[in-house]
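Take a look at the structure set out below.
Protein chains: 2
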Amino acid sequence: MSRYTSIEHNKFLLQEVHQVTDIFSLPRFAHLNWEEAWMMIEAAKLLADRDMAPYFKEMDAQPALYDGNGGVKTHPQLKTIIHQAAENGWIGGGASFDHGGMQLPMMIFNAAQHIFMAANNSCQGYFSLSAGSAALITSFGTQEQINTFVPNIFAGKWQGTMALTEPQAGSSLTDITTSAKPMGDGFYKIKGQKIFISGGQHEACSNFVHLTLARIEGAPAGVKGISLFIIPKFWPEKDGTLTPNDVFCAGDFQKMGQRGYCTTHLVFGDKDECKGWLVGEPHKGLPYMFQMMNEARISVGLDAASVAMAAYQASLQYTSERPQGRLASEKDPLKPPTLIINHPDVQRMLLTQKAIAEGALSLVMECNRLSDLVHGTEGEAKKNSLLLLELLTPIVKTYSSEQGSRSASLAIQTLGGYGFTMDFPVQQHYRDLKIMSLYEGTTGIQSIDLLGRKVVMEKGKALAILGEQIQAAIQSASQLSALKKNAKQLETEWTRIQQVLAQLSTFAPTSIDRYLADATVFMEQLSYVVIAWQWLKQAIVAQRNIDAGNFKNQSQSFYEGKVVTMKFFFRYELTHAAACAQTLLDEEFLTNVKKKELFD
Amino acid sequence: MSRYTSIEHNKFLLQEVHQVTDIFSLPRFAHLNWEEAWMMIEAAKLLADRDMAPYFKEMDAQPALYDGNGGVKTHPQLKTIIHQAAENGWIGGGASFDHGGMQLPMMIFNAAQHIFMAANNSCQGYFSLSAGSAALITSFGTQEQINTFVPNIFAGKWQGTMALTEPQAGSSLTDITTSAKPMGDGFYKIKGQKIFISGGQHEACSNFVHLTLARIEGAPAGVKGISLFIIPKFWPEKDGTLTPNDVFCAGDFQKMGQRGYCTTHLVFGDKDECKGWLVGEPHKGLPYMFQMMNEARISVGLDAASVAMAAYQASLQYTSERPQGRLASEKDPLKPPTLIINHPDVQRMLLTQKAIAEGALSLVMECNRLSDLVHGTEGEAKKNSLLLLELLTPIVKTYSSEQGSRSASLAIQTLGGYGFTMDFPVQQHYRDLKIMSLYEGTTGIQSIDLLGRKVVMEKGKALAILGEQIQAAIQSASQLSALKKNAKQLETEWTRIQQVLAQLSTFAPTSIDRYLADATVFMEQLSYVVIAWQWLKQAIVAQRNIDAGNFKNQSQSFYEGKVVTMKFFFRYELTHAAACAQTLLDEEFLTNVKKKELFD
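Sequence order for the protein chains is A and B. Read in order, the letters of the first sequence are residues 2 to 601 in our numbering. Read in order, the letters of the second sequence are residues 2 to 601 in our numbering.
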């Protein structure tokens, strides 16, 4: 079996960089210890090796396909995969004991999801979507709703989905028109269409539970008039029988990548008989949905980083095994060719991939830790963790997806022409990855969320908390002579973030459009800084172990690899943060072109 | 029909920026004038509209496929396409009258090829490869070889190919082992295998003429022992009949993109009966092949820029037609949604695409002009044109392919989720584009060529010529008040190129590996500067017309669009040149990692 992730890196992040044992000391998670938790991760790896990774290519070659009459044909292995994931707790494991879960910290739950995503990103979505839908019901649904749907979802028998996007509205949720007409008792007659519904119809589950946004008749316009409904394909009656609901799958989008993961078009109420069940209060659907959306954004960040990791591993394996060409210093053509990995430019491409994938994975783990602190603490600690988590969410989603695509492109590049052929997995990683910058809000939307909401919320408190954490890392790194230079560089870049925000904020009072125009460039600048922080954190741990000669958790070369990669990131990637700043500090407003003809 | 290129931009480059009429004043091209030449381009557009563009999607959906027994099934339209291209002079048009061509300048020839590539990049390769092979034969072959092969290739009846890569050697041509044993009279018995041979076997031509690199028995090791052979699939006897040659197509690689363009695996001499015909002198095959290779590199640059242009046009059309969401300043959800193009972040993505595609196309045109000067002038003028052309060749290939991929990624992004579906062409552009950074030498190889050979050849004379031309543009721009600031920025970045080279050159004497380690980063830095120069040239013409109120060739908004895009490039893209410099000026050598374990 080809390697698709580094289990050691996973361990390093959990155990040493983000110290999951702190989390085990919180009452909510006190039932766990390191040995048990790690055993779960190792079991997840075996599961992925056996049931997921071997079907990665097949699920692409035999994509999900609409049958012309409401059904979607999926790969036969999918049923086993969903069943096995459920059986092993990887759908409901994050839920509390009360709700039939294993009360796992997100750090552990997502360390396993990472393995599944790296093994086969076309299958992991099915159960991660189920997990998210069930969490939404447990958070805001009634006990009856929880009892009706959650156990079946956790058992992998029913598929949960999130149904937001509509054909005419796209990213603009303000404009959704799916309607809900009260029938009494919290039930509503639903009418409307939803597109891009992942997992919306397939052969591996017997029922589909669509968490759907719709407007109750007479609701206010805009996002303040949106409510959340449960719309099952088959309605579970009180006696346990299932009655067909008026939910029809009208198609499955054929895609460039993630072809094993179906993307459906759903029609609710074509015969005027679609019944939905209101979740929580009317008109509060969007805030509810944002719980799931925020988790989904982190999950997409994890997915992107995981696929980038898989591509990196394939690239590393190929270049380590195959000889080709000679170093420039070797002029004798009779000398045998050297391994591809020995060429400096190939090392540059490998280190770029390692820097992106492992840097992004570390940031995801930081987010998981914050999420665990939100769930496991109270008061100020909880509040601050939530603020920082909210700030980092759009960043982890965007950095991983945008840079992940670039990373997979480099993976192809290291394989040369072979990388472009269907004989090797890297082209599939590249194709699969492109969806990540579109899922759950495009890069543009994430960037507007970052600059327009997260940076300014509570008078910039989230950013201040981030600043404190970055300063703490700079402080620690400054004490290690090997890292002094890098600590200084991060300090400079952090200061530059302040300068940029000071300048941008002058636009906000007069023109919010101008303030937000370059949000994506600001996202890029801040992402470099945040990933640099994650790399510095990794390097501090690694360097301390090297200095102390402590190699009980990882080998010396593992730690040296971390330090080299951090230095690489600072030299080849972080340098571009200043370029973003230069763009942002330019006061001219070029992207308010009024005449469409200027683009011709 | 959807728009896939801007014919106006083509006209602007030919007529105003790169002044093709100068070229018509050279004796070799004096038979042409602007009106005639432009009529040819317009006819090429009609041909592409009718015979190529409508098959873009189909040729991807029904890819070239090996039949299991030496044949490759291709799309039925391919025969019409090759026939029509031949008929209209787009295979042999660049050749001299002597050789049955139309003696067209490359500026005109490639302006038409651009249209074909943008319309359907899976078909254009077939005839551009034929054109290149024929040019190789006319340059170095005997009159008999020319008479035997060239007319049939120009007529589109026979397919020309270039056969370099071997399974065990990949990019390292030093290591090719295909052997050639003299049979007398310039004929050789050939034995060996070649992979990744584009156009190597299909249904639209009756014979295949493989321009093949092989080693004559007893030849010196390395690249100095490589000879060039013509190996036809069917041997043309003196009486005009065709005898089967021992050339077997053993497979067709299935690829992520350019799926209509076959990529074959050829076996020569499996029955020990493969006959090849030596071209030129023994052991000079590589320098000969480099004529074709250099043209092919520019052609790949053009192809990449053309596909990026097609993706941009699709992106522009979609965003100009579809309303979605509201500006941040519009808080009223009852107001109708605005067109997608009106969102600043979308304009940023559109301008990025325009800047990349049109900037790259301008650089290709600069190269075509230099190529015409090489063919149409003598003495110092010829020599200087060749030097600059050689310097720019790896840059145009690399910038267009690397940034073209990024550009197509942004095209997908502007379409949101739809961009990832097979219902829209942008995902195909994205898939097709990825091969461009691998064709004819990867980005790493181009970068080593640039820094290791082109920058230093003739004591840096090529770079000095580039410097003079950049200074001339800076000078002209400085006289226009609207462009002063940009002229100054380019001046700064040009100076930084010198600083970087001064520093890098300190490594060269002691370690060539260190000198070349970051060649790709230097490529990136110099590319930004070179494309900025092309944008400044375009903006100078545009601004002068605006200042003079001269809108006889193009509309005012067309010119304004050029100036805006130049300013956009300088602000959002050129700013990253300094980041590359910062990386390059760091003296640490990170990419000589000796222990493979550090990558784990």
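For each residue, glycine too, the CB sits at the ideal point set by N, CA and C.
Quiz item: Under a CB-based cut-off of 9 angstroms, is asparagine 593 of chain A close to chain B?
Solution: Sequence index remark: in the first sequence, residue 593 of chain A carries index 592 (1-based). The Cβ of asparagine 593 of chain A sits closer than 9 angstroms to at least one Cβ of chain B.
Self-check item: Exposure of arginine 51 of chain B, with buried meaning 16 or more beta-carbon neighbours within 10 Å
Solution: By 1-based counting over the second sequence, the position of residue 51 of chain B is 50. Burial call: exposed.
Exercise. Leaving out five residues on either side along the sequence, give the residues of the same chain with a beta carbon under 6 angstroms from the beta carbon of glutamine 1 of chain A.
Key: Nothing in the structure corresponds to residue 1 of chain A, since chain A is present only between 2 and 601.
Practice problem: Identify, in the order they occur along the chain, each residue of the same chain with its Cβ nearer than 6 angstroms to the Cβ of aspartate 247 of chain A, setting aside the five sequence neighbours on each side. | Solution: The residue you call residue 247 of chain A lines up with position 246 of the first sequence. Beyond the five residues adjoining it in sequence on each side, aspartate 247 of chain A comes within less than 6 angstroms, by CB distance, of Gly270, Lys272, Glu274, Cys275 in the same chain, given in chain order.
Practice problem: For tryptophan 91 of chain B, name the three-state secondary structure that DSSP assigns. | Solution: Counting from one through the second sequence, the residue named residue 91 of chain B turns up at place 90. Here tryptophan 91 of chain B sits in coil by DSSP.
Quiz prompt | Minimum length 3: unbroken beta strand (DSSP E) runs contained in the segment 152-185 of chain A | solution = Whole beta strand (DSSP E) segments, 3+ residues: 159-164, 180-185.
Practice problem: Check isoleucine 227 of chain A in the structure and name its three-state DSSP category. | Solution: Residue mapping note: residue 227 of chain A aligns to position 226 of the first sequence, counting from 1. Looking at isoleucine 227 of chain A - three-state DSSP - the assignment turns out to be coil, as it is neither helix nor strand.
Quiz item: Beta-carbon of valine 522 of chain B versus every beta-carbon of chain A: anything under 9 angstroms?
Solution: As a working note, residue 522 of chain B is residue 521 in the second sequence. Taking 9 angstroms as the CB threshold, valine 522 of chain B lines the interface with chain A.
Quiz item: Rounded to a whole number of angstroms, what is the C-alpha to C-alpha distance between serine 386 of chain B and lysine 332 of chain A?
Solution: In the second sequence, the residue the question calls residue 386 of chain B occupies position 385. In the first sequence, the residue the question calls residue 332 of chain A occupies position 331. Going by the C-alpha atoms only, they are around 30 angstroms apart.
Self-check item: Residues of the segment 561-583 of chain B whose Cβ lies closer than 7 angstroms to any Cβ of chain A, in chain order
Solution: From the segment 561-583 of chain B, only Glu561, Gly562, Val565, Lys568, Phe569, Arg572, Tyr573, Thr576, His577, Ala579, Ala580, Gln583 have a Cβ closer than 7 angstroms to chain A.
Quiz item: Can you name, in chain order, every residue of its own chain whose Cβ lies under 6 angstroms from the Cβ of lysine 383 of chain B, other than the five neighbours on each side?
Solution: Mapped onto the second sequence, residue 383 of chain B falls at position 382. Closer than 6 angstroms at the Cβ level, and outside the excluded window around lysine 383 of chain B, lie Val375.
Quiz prompt | According to DSSP, residues forming a beta bridge with serine 199 of chain A | solution = The residue you call residue 199 of chain A lines up with position 198 of the first sequence. For serine 199 of chain A, which the question treats as bridged, DSSP gives the partners A:Thr264.
Quiz prompt | beta strand (DSSP E) runs contained entirely in the segment 403-462 of chain A, provided each spans 3 or more residues | solution = Fully enclosed beta strand (DSSP E) runs of no fewer than 3 residues are not present anywhere in the segment 403-462 of chain A.
Quiz item: So is alanine 503 of chain A buried or exposed if we call it buried at 16+ other beta carbons inside 10 Å?
Solution: Taking the first sequence and counting its residues from 1, one reaches residue 503 of chain A at position 502. That one is exposed.
Quiz item: For alanine 220 of chain B, which residues from the same chain have a beta carbon less than 8 angstroms from its beta carbon, with the 5 sequence-adjacent residues on both sides left out?
Solution: As a first step, residue 220 of chain B is located in the second sequence; it is residue number 219 there, counting from the start. Cβ within range, chain order: Gly226, Ile227, Ser228, Pro283, His284.
Exercise. Check each candidate in B:Met40, B:Ala112, B:Cys206, B:Met108 and name the one with the smallest Cα separation from threonine 81 of chain B.
Key: On the second sequence, residue 81 of chain B is found 80 positions in, with the first residue counted as 1. With distances taken between Cα atoms, threonine 81 of chain B lies closest to B:Cys206.
Quiz prompt | Identity of the residues DSSP links to lysine 190 of chain A by a beta bridge | solution = Indexing the first sequence from 1 puts residue 190 of chain A at position 189. Bridge partners of lysine 190 of chain A: A:Lys182, A:Lys276.
Quiz item: Are serine 372 of chain A and methionine 107 of chain A closer than 9 angstroms when you measure CB to CB?
Solution: Along the first sequence, read from residue 1 onward, the residue named residue 372 of chain A stands at position 371. Along the first sequence, read from residue 1 onward, the residue named residue 107 of chain A stands at position 106. With respect to the 9 angstroms criterion, serine 372 of chain A and methionine 107 of chain A are classified as neighbours on the basis of their beta carbons.
Practice problem: Identify which residue in B:Ala251, B:Tyr127, B:Ser321 has its Cα closest to the Cα of valine 210 of chain B. | Solution: Counted from its first residue, the second sequence places residue 210 of chain B at position 209. Among B:Ala251, B:Tyr127, B:Ser321, the Cα nearest to that of valine 210 of chain B is on B:Tyr127.
Quiz item: Apart from the five residues just before and just after valine 21 of chain A, which ones in its own chain have a Cβ nearer than 6 angstroms to its Cβ?
Solution: Indexing the first sequence from 1 puts residue 21 of chain A at position 20. Cβ neighbours of valine 21 of chain A beyond the five flanking positions: Leu15, Met108.
Quiz prompt | Opposing strand residues paired with threonine 244 of chain A [DSSP bridges] | solution = Along the first sequence, read from residue 1 onward, the residue named residue 244 of chain A stands at position 243. BP columns for threonine 244 of chain A point to A:Trp236.
Self-check item: From B:Ile8, B:Ala96, B:Ser512, B:Lys355, residue whose alpha carbon lies closest to that of histidine 115 of chain B
Solution: Numbered from 1 along the second sequence, position 114 holds the residue referred to as residue 115 of chain B. Among B:Ile8, B:Ala96, B:Ser512, B:Lys355, the Cα nearest to that of histidine 115 of chain B belongs to B:Ile8.
Quiz prompt | Pair within 9 angstroms by beta-carbon distance, glutamate 367 of chain B and methionine 310 of chain B | solution = For the purposes of this step, residue 367 of chain B is taken as residue 366 along the second sequence, with counting starting at 1. For the purposes of this step, residue 310 of chain B is taken as residue 309 along the second sequence, with counting starting at 1. In this structure, glutamate 367 of chain B lies away from methionine 310 of chain B, with their beta-carbon atoms at least 9 angstroms apart.
Quiz item: For leucine 328 of chain A, which option in A:Ala156, A:Lys563, A:Gln348, A:Ala488 has the closest C-alpha, if you only look at C-alpha atoms?
Solution: Residue 328 of chain A sits at position 327 when you count from the first residue of the first sequence. In terms of Cα proximity to leucine 328 of chain A, the closest of A:Ala156, A:Lys563, A:Gln348, A:Ala488 is A:Gln348.
Quiz item: Does the beta-carbon of tryptophan 35 of chain B have 16 or more other beta-carbons within 10 angstroms, so that it is buried, or is it exposed?
Solution: As a working mapping, residue 35 of chain B is identified with position 34 in the second sequence. Under a 10 Å Cβ-count criterion, tryptophan 35 of chain B is classified as exposed, with fewer than 16 other Cβ atoms of the shown protein chains found around its own Cβ.
Quiz item: Between the segment 420-433 of chain A and chain B, which residues of the former have CB atoms less than 9 angstroms from a CB of the latter, in chain order?
Solution: Here the close residues are Gly420, Phe421, Thr422, Met423, Asp424, Gln428, Gln429, Tyr431, Arg432.
Practice problem: Just grab the DSSP bridge partners of glycine 252 of chain A for me. | Solution: The residue you call residue 252 of chain A lines up with position 251 of the first sequence. Looking at the DSSP output, glycine 252 of chain A shares a beta bridge with A:His266.
Quiz item: If you draw a straight line from the C-alpha of phenylalanine 197 of chain A to the C-alpha of serine 131 of chain A, how long is it?
Solution: Along the first sequence, one-based indexing puts residue 197 of chain A at 196. Along the first sequence, one-based indexing puts residue 131 of chain A at 130. Near 16 angstroms, if we compare the C-alpha coordinates of serine 131 of chain A and phenylalanine 197 of chain A.
Quiz item: Under 9 angstroms, do phenylalanine 602 of chain A and alanine 315 of chain A count as touching if we go by C-beta distance?
Solution: The structure shown does not extend to residue 602 of chain A, since chain A is modelled only from 2 to 601, so the question has no answer here.
Quiz item: Between which two residues does the beta strand (DSSP E) carrying histidine 577 of chain B extend?
Solution: Translated into positions along the second sequence, residue 577 of chain B becomes position 576. Per DSSP, histidine 577 of chain B lies in no beta strand (DSSP E); the unbroken alpha helix (DSSP H) holding it starts and ends at 576-586.
Quiz item: Which residues bound the alpha helix (DSSP H) around arginine 497 of chain B?
Solution: By 1-based counting over the second sequence, the position of residue 497 of chain B is 496. Per DSSP, arginine 497 of chain B belongs to the alpha helix (DSSP H) from 485-506.
Exercise. Kindly indicate which residue of A:Glu494, A:Phe235, A:Phe254, A:Ala549 has the alpha-carbon position closest to the one of threonine 149 of chain A.
Key: By one-based count along the first sequence, residue 149 of chain A stands at place 148. Among A:Glu494, A:Phe235, A:Phe254, A:Ala549, the Cα nearest to that of threonine 149 of chain A belongs to A:Phe235.
Exercise. Answer yes or no: does any C-beta atom of chain A fall closer than 9 angstroms to that of tyrosine 516 of chain B?
Key: As a first step, residue 516 of chain B is located in the second sequence; it is residue number 515 there, counting from the start. So yes, tyrosine 516 of chain B belongs to the interface.
Practice problem: Have a look at the DSSP bridge pairing and note the partners of arginine 29 of chain B. | Solution: In the second sequence, residue 29 of chain B corresponds to position 28, counting from 1. Per DSSP, none; premise fails for arginine 29 of chain B.
Quiz item: What in chain A is Cβ-close to phenylalanine 197 of chain B, meaning under 7 angstroms?
Solution: For the purposes of this step, residue 197 of chain B is taken as residue 196 along the second sequence, with counting starting at 1. Simply Gly418.
Quiz item: At a CB-CB cut-off below 8 angstroms, which residues of chain A make contact with threonine 444 of chain B?
Solution: Stepping through the second sequence from its first residue, residue 444 of chain B is reached at position 443. Per Cβ cutoff of 8 angstroms: Gln414.
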